[in-house]
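Asker: So the protein sequences, as listed, match chains A and B.
When you line the first sequence up against my numbering, it's residues 1 to 245, in that order.
When you line the second sequence up against my numbering, it's residues 246 to 594, in that order.
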Amino acid sequence: MLLLAIDTSTSAITAALHDGIQVLAEASTVDSRAHGERLAPGIREVLTRAGASPRDLTDVVVGLGPGPFTGLRVGIVTARTIAHVTGAALHGVCSLDALAYAARDRLAVGAELVVATDARRKEVYWARYAVVLGPGAAPGGVGDARTVHARTEPAVVRPADLPAEVAALTAVGRGPWLYPQTMTHPLCASQDAAAADGLLDVSAAALAALAVSRLTSGTLTARHEPLYLRRPDAVPHLSAKSALG
Amino acid sequence: MRPDEPLVLGIETSCDETGVGIVRGHTLLVDAVASSVDEHARFGGVVPEVASRAHLEAMVPTIERACAQAGVRLGDLDAVAVTAGPGLAGALLVGVAAAKALALALDTPIYGINHLAAHVAVDVVEHGPLPEPTMALLVSGGHSSLLLVPDVTADVRPLGATVDDAAGEAFDKVARVLGLPFPGGPHIDRAARDGNRLAIDFPRGFTTGRDLARHRFDFSFSGLKTAVSRWVQLRQAAGEDVPVADVAASFQEAVVDVLTRKAIAACREHGVETLLIGGGVAANSRLRALAAARCESAGIQLRVPRPGLCTDNGAMVAALGSLAVSRGRTPSGLDHPADSSMPVTLVQA
Ligand SMILES: [Zn+2]
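#1: Beta-carbon within less than 7 Å of B:H364's beta-carbon, same chain only, minus the 5 sequence neighbours each way: which residues are those?
#2: Which bits of chain A does B:S297 rub up against, with CB to CB less than 9 Å?
#3: Indicate the three-state DSSP secondary structure (helix, strand or coil) for B:D486 in the structure shown.
#4: Residues of chain A with CB closer than 7 Å to the CB of B:A583, please, in chain order.
#5: Along chain B, in chain order, which residues have C-beta atoms closer than 9 Å to that of A:P54?
#6: If the cut-off is 7 Å on Cβ atoms, which residues from the region 75-97 of chain A count as contacting chain B, listed in chain order?
#7: Beta-carbon within less than 6 Å of B:L301's beta-carbon, same chain only, minus the 5 sequence neighbours each way: which residues are those?
#8: Between B:S467 and the rest of its own chain, which residues show a CB-CB distance below 6 Å, the 5 nearest in sequence each way excluded?
#9: In chain order, what residues of the same chain lie with their CB nearer than 7 Å to the CB of A:T86, ignoring the 5 residues before and after it?
#10: Which chain A residues sit within Cβ distance under 9 Å of B:V562?
#11: Starting from A:H149 and walking both ways along the beta strand (DSSP E), at which residues does that stretch end?
#12: Quick check: is the beta carbon of A:V156 nearer than 8 Å to any beta carbon in chain B?
#13: Given a cut-off of 8 Å on the beta-carbon distance, is the pair B:G405 and B:R461 in contact?
#14: For a test of your reading of the model: does the CB of B:G387 fall under 7 Å from any non-hydrogen atom of ligand 1? Yes or no.
#15: Alpha carbons only, please: which of B:T471, B:H360, B:A381, B:A362 is nearest the one belonging to B:A415?
#16: Between B:L252 and B:G270, what straight-line distance do the alpha-carbon atoms span, to the nearest angstrom?
#17: So, A:A127 versus A:V115, is the Cβ gap smaller than 8 Å?
#18: According to the Cβ coordinates, are B:L568 and B:V397 closer than 8 Å?
#19: Which residues of chain A have a Cβ atom closer than 7 Å to the Cβ of B:E294, listed in chain order?
#20: With DSSP run on the structure shown, which of helix, strand or coil describes A:P186?
#21: Please determine, among B:T505, B:I355, B:D249, the residue with the shortest C-alpha to C-alpha distance to B:A412.
#22: So what's B:A527 in DSSP terms, helix, strand or just coil?
#23: Please confirm whether A:A40 has its beta-carbon closer than 8 Å to some beta-carbon of chain B.
#24: Does the separation of the CB atoms of B:G559 and B:E257 fall below 8 Å?
#25: Taking only the alpha-carbon atoms, compute the straight-line gap between B:K507 and B:A564 and give it to the nearest angstrom.
#26: Within 8 Å of any Cβ in chain B, is that where the Cβ of A:I13 sits?
#27: Any beta carbon of chain B sitting closer than 8 Å to that of A:G141?
#28: For B:M587, would you say it is in contact with chain A, using Cβ-to-Cβ distances shorter than 8 Å as the test?
#29: Against A:I21, what residues of chain B qualify as contacts under a CB-to-CB distance less than 8 Å, listed in chain order?
#30: So what's B:A381 in DSSP terms, helix, strand or just coil?
#31: Taking A:R44 as the query, report the chain B residues whose CB atoms sit under 9 Å from its CB, ordered along the chain.
#32: Got a sec: is the Cβ-Cβ distance from A:D59 to anything in chain B below 8 Å?
If you want it as structure tokens, here you go:
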């Protein structure tokens, strides 16, 4: 198995390769404006580092967001196209799940957390999770056997409108650093520490590991539609060309 | 691959059409287009986010359809080309990301190219090799440019452009004033057929005196648009019927008169013997007729691709990509940006 994971739903442009046992390589760049420039070179880099070619891919998994639309689409169209060319199976995962999954080993089984990312316009994308034992794991087993369960659907909201019990949960993502008055319990001691531990923006390594665990348990979906959560602003761009070409 | 006959797939997503074209050398194999125009019509203009979402959904199916229709396997491609700009930023990015993914997965070179130069290059698949230099008049809802083209893969010189509305935009706005649907171009063209183009003497921007001296090859259509709407309002205020056909014909005449006059003046001044008209407004029947008549009397050869190749499409991108490969241009690389305001002087990103 050779699984390529891609996520462009946050400020990180991130790609990773997983062989079903471990992450072989990850390449991430944090730049909220360079998704179109950095993603393809990042994918080439992880392939080169793993000594693999695109033809070797068996699976492609992409973070479906929610996230700022323009960047989000870069990851999804890239994943769809690579899967189309190579014949690899295409899968999708809610990007917030990957951030929750990255935090699983820091929390006790049964603990809850909130993932909150930057939705711009003074809002956050969020979902509530519980850390649970993965399928087949014995109670008290090793951390790798843990996984996360979404307790809510992903949503977009102004931080002040988060339910009080959610705002009080341990928080990962950029949300608690952007809105510290609302989300007062960040998991990490500082934003830099969160970044270093892959708990600020999505890490494709965590996404890949989550996807492999879901593949094993048969819960990975082939769904690959973006999670926009917002309708488009219906403001025509009058200086754009019309349908006249 | 024969270097003069490269097999190139081109992707175009600068506005509301998802275009995928494939050419072999100068031969067009397929031109597949998925348009989201119907989704924009009720807004009276292109909604960028709606266009970007539609590109994402149409991208892979359009690539698939193009390959199936052309009988081409992706693995046989010699290169991938994509519109890197100018255009709507979010829309461009979908095409650029898809093209890079293709190039990466197929291990082919990628050419991120200028949309305007592609409008010029597409004519090679219709009328054969392009005489160089060529003068190009590109007119659409997004561009109104006069370009001197010594080498379409490397040297495109802007002589003039619109300072306000694009020609096609003026058609859309006047159509709205006349109660005609979006997009305005085809509806005005149709209405004008029954009208008298000399009925109303609408203003021709930048054609006289100091304006002409300062803006020799530039265009301005916003004054014309205002004049049309004022004329219509006065009629309505007086309780009179608006002669839609006459207004449409007179407005259209004012636009195409300025466009062709300046294009021919530019050919003369630069000693260029070929005029190429591209962009969606090139589908306008009066523009074609007047350009043909004026070129003939000026001894200039006129080239206008068929309407389907004048509007935005993937074939034009593939055509320019194919020329870039044949002429040995260096590919753009996987890290080239999508540039919404890419200058026309930059043919390749
Ligand atoms: Zn165009």
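Yeah, the Cβ is synthetic: ideal placement off N, Cα and C, and Gly gets one too.
These numbers were taken from a predicted model, which means no experiment stands behind them.
Answerer: By the coordinates alone:
#1: The residues are L383, G523, G524, M561.
#2: Going along chain A in sequence order, the residues near B:S297 (Cβ under 9 Å) are F69, T70, R73, P232.
#3: Per DSSP, reduced to three states, the secondary structure at B:D486 is coil, with no helix or strand assignment.
#4: Close to B:A583, with beta-carbon spacing below 7 Å, are these residues of chain A in chain order: G36.
#5: Within chain B, the C-beta atoms nearer than 9 Å to that of A:P54 come from L349, A350, L351, D352, in chain order.
#6: Flagged, chain order: I76, V77, T78, R80, T81, I82, H84, V85, T86.
#7: Within the same chain, and ignoring the five residues on either side of B:L301 in sequence, the residues whose Cβ sits closer than 6 Å to its Cβ are V339.
#8: Taking B:S467 as the centre and dropping the five residues before and after it, the same chain places the C-beta of D409, D410 closer than 6 Å to its C-beta, in chain order.
#9: The residues are P54, R55, L57.
#10: Here the premise fails: no neighbours, minimum Cβ distance about 13 Å.
#11: Segment 146-150, the beta strand (DSSP E) holding A:H149.
#12: It does not: the Cβ of A:V156 has no partner Cβ on chain B nearer than 8 Å.
#13: At a Cβ-Cβ threshold of 8 Å, B:G405 and B:R461 count as neighbours.
#14: Correct: B:G387 has its Cβ closer than 7 Å to ligand 1.
#15: When each option's Cα is compared against that of B:A415, the closest is B:T471.
#16: Their backbone Cα atoms lie some 7 Å apart in a straight line.
#17: Note that the C-beta distance between A:A127 and A:V115 is below 8 Å.
#18: For B:L568 and B:V397, yes; Cβs fall inside 8 Å.
#19: Listed along chain A are F69, P232, D233, each with a C-beta nearer than 7 Å to that of B:E294.
#20: It is a strand residue.
#21: Distance from the Cα of B:A412 is smallest, within the candidate group B:T505, B:I355, B:D249, for B:T505.
#22: In this structure, DSSP gives B:A527 a helical state, which the three-state scheme calls helix.
#23: Yes, contact with chain B.
#24: B:G559 places its beta carbon less than 8 Å from that of B:E257.
#25: Using only the alpha carbons, I get a separation of about 27 Å.
#26: For A:I13, not one C-beta of chain B is nearer than 8 Å to its own C-beta.
#27: Caution applies to A:G141, whose pLDDT of 46 falls short of 50 and renders its modelled position unreliable; the value that the coordinates give is listed next. Chain B contact via Cβ: absent.
#28: No, because no Cβ of chain A sits closer than 8 Å to the Cβ of B:M587.
#29: In chain order: nothing, as chain B lies at least about 24 Å away.
#30: Three-state result, B:A381: strand.
#31: L349, L579, listed in chain order.
#32: Residue-level contact by beta carbon fails for A:D59 and chain B, as no gap is shorter than 8 Å.
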